[in-house]
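Taking it in order: structure first as structure tokens, then the write-up.
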Amino acid sequence: MSASKLGRVGTLLFNSYVFLISLILIFPLAVVLLISFDTASYIKFPPSGFQWNWYLTLTDNPTFVLSFINSLIVATASTAISLLVGVPAAVVIARRDFPGRNFIYGLCLSSLTIPWIVYGVALLFLWSAVGLQLSIWTLIFGHTVIGAPYVLRTAVAVLADMPTSYERGARSLGAGALRTFFTITLPLMSAGIRAGAAFAFIISFVNIPVSLFVTTFDNITMPVAVFNYMQYNFDPGVAAFSIIQLIVITLFIGLAARAART
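Residue 171 in full-length UniProt numbering is what sits at position 171 of the sequence shown, and the numbering runs on without skipping anything.
Structure, rendered in structure tokens:
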């Protein structure tokens with residue numbers, strides 16, 4: 001068999017493998033999507049009919065509405081704080097040479113390696129020890145700690161590939177440190193910042209282990225609402241609610257992918 005035929009066979013096998021893996025990943029989501037339009041009053045597959053009723057009645061459930069609003073607030077706030085913390089930290093780590101820099105960088109990324117459920121339990125013990133009541137602020141803090149490393153990591157990665165000559169040129173022309181940062185450094189690292197922000201938002205929006213331990217009923221988020229709802233109900237309404245969450249996540253994944261290409 002010639003090299004060209006071998007190459008075509010290899011390409012065909014690789015494409016088939018990628019298609020199979022994609023099908024395995026997409027199939028559960030497709031099942032949830034189909035169930036969300038079912039006419040039955042309980043979850044089953046295959047669906048017995050098609051209707052929009054489960055989507056139209058989502059707003060009739062106050063817990064779903066409250067959790068959706070809370071998830072948007074918490075994800076937006078934690079992402080904003082992650083940017084305020086992560087971007088300056090990335091500049092210091094990538095542009096400054098000081099003792100223990102690698103250790104501090106690794107410490108800042110440590111929450112990426114700790115299981116979220118362990119982190120959630122630790123936060124619960126911490127707030128109990130200091131006598132702080134659980135609120136939306138404790139939830140935002142928890143999501144910020146797990147989201148900020150994504151901003152830090154993507155920002156450092158961009159700065160590592162960016163030459164310092166632009167910044168040195170601006171400084172040599174009389175620009176101060178702040179002006180150089182806002183006019184040169186920040187625009188050049190914007191792709192990494194956007195990608196990190198999208199990741200931080202997604203991580204917050206889908207997080208359940210941390211949210212379970214540091215939230216209250218008034219501050220319940222979408223994943224926790226779905227978890228609680230399915231303990232006592234088994235209707236397609238939860239599938240419709242999950243699809244709404246999936247749409248929001250998909251939008252931010254698209255933003256992250258677009259930022260990575262620019």
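Even for Gly, the Cβ is constructed at its ideal location relative to N, Cα and C.
Inset, instruction - Look at the alpha carbon of I243 and the alpha carbon of T76, and state the distance between them as a whole number of angstroms. - result: 20 angstroms
Inset, instruction - State the Cα-Cα distance for the pair V118 and Y150, rounded to the nearest angstrom. - result: Their Cα atoms are separated by approximately 19 angstroms.
Legend entry - Alpha carbon of S190 to alpha carbon of S111, nearest angstrom: Looking at the two C-alpha atoms, the distance is approximately 24 angstroms.
Inset, instruction - Identify which residue in T144, A122, F64 and A157 has its Cα closest to the Cα of residue 266. - result: Lying outside 1 to 262, the shown extent of the chain, residue 266 is not represented and no answer is given.
Legend entry - For L84, three-class secondary structure by DSSP: helix
Legend entry - Straight-line gap, C108 to G196 (C-alpha atoms, nearest Å): 15 angstroms
Inset, instruction - Pull up the distance between the alpha-carbon of L178 and that of F217, whole angstroms please. - result: 43 angstroms
Legend entry - Beta-carbon proximity of Y232 to V238, cut-off 8 angstroms: Contact flag unset, no.
Inset, instruction - Give me the Cα-Cα distance between Y55 and D38, rounded to the nearest whole angstrom. - result: C-alpha separation (whole angstroms): 11 angstroms.
Legend entry - Unbroken alpha helix (DSSP H) run spanning G147, endpoints: It spans I136 to A160 - the alpha helix (DSSP H) in which G147 sits, taken as one unbroken run.
Legend entry - Residues of its chain near Y105, where Cβ-Cβ distance is below 7 angstroms and the 5 sequence neighbours each way are ignored: Cβ neighbours of Y105 beyond the five flanking positions: I93.
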